[in-house]
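Going by this note's numbering, the sequence shown opens with residue 238, and the numbers climb by one from there. Glycine residues also receive a C-beta, built at the ideal position from the N, C-alpha and C atoms. Heads up: the structure comes next, in structure tokens.
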Amino acid sequence: IELPFLQRALAGDFKLLPVMVHEQSPKVSEKLGKALALVLKERNALLVASTDLSHFYIQDEANTYDAEMLRQIEAFSPEGIFKAERSGKGFACGFAAVAAVLWAARELGADTVKVLHHATSGDVTGDYSSVVGYGAAVVLKAEK
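In structure tokens form, the structure reads like this:
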């Protein structure tokens with residue numbers, strides 16, 4: 238899903254290892270994140286998680302659900318991502334992949350997540366009766 242973006246943003250040769258998460262459980266997500274961190278330690282790597290947020294709610298409801306999921310992401314809380322999804326307070330179809338990236342980033346020494354942008358399909362089409370939410374965030378590691 239992110240290949241055209243990566244080809245443009247990285248503008249050079251790079252290797253890509255796509256990973257899809259089927260079982261969306263905290264145990265699998267945490268194990269995946271820690272395994273990725275182990276493999277990527279001491280390497281120059283970029284971790285990318287791609288997911289939509291809420292689906293097919295009216296704009297106001299979608300914004301509420303998306304805000305909760307983005308709050309958990311910005312709190313650098315993979316556990317909170319699962320809690321939001323399971324409680325029905327926030328949604329992301331790829332929530333386990335996002336959590337896995339956060340677990341990996343934490344293991345690799347990252348310490349901050351910053352939400353950069355949120356929008357819905359309604360913001361583009363003008364139809365706010367049934368929207369899909371999207372967010373962008375970056376995980377950062379303070380320089381030493």
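query: Enclosing beta strand (DSSP E) for Val-368 [first to last residue]; result: 368-377
query: Beta-carbon proximity list for Val-338, same chain, < 6 Å, skipping 5 on both sides; result: Leu-284, Ala-286
query: With 16 other Cβ atoms within 10 Å as the buried cut-off, status of Arg-323; result: exposed
query: As assigned by DSSP and simplified to three states, the class of Tyr-235; result: Past the boundaries of the shown model lies residue 235; the chain is included only from 238 to 381, so the question cannot be answered.
query: Cβ shell of Pro-335 (< 7 Å), same chain only, five flanking positions each side left out; result: In the sequence under discussion, the amino acid at residue 335 is Val, which differs from the Pro named in the question. Closer than 7 Å at Cβ, skipping near neighbours: Ala-286, Thr-288, Ile-310, Ile-318, Ala-329.
query: Complete beta strand (DSSP E) runs within the segment 328-363 (minimum length 3 residues, chain order); result: 349-357
query: Which of helix, strand or coil DSSP assigns to Asn-281; result: coil
query: Best match in His-259, Asp-250, Asp-303, Gly-372 for proximity to Gly-325 [C-alpha to C-alpha]; result: Asp-303
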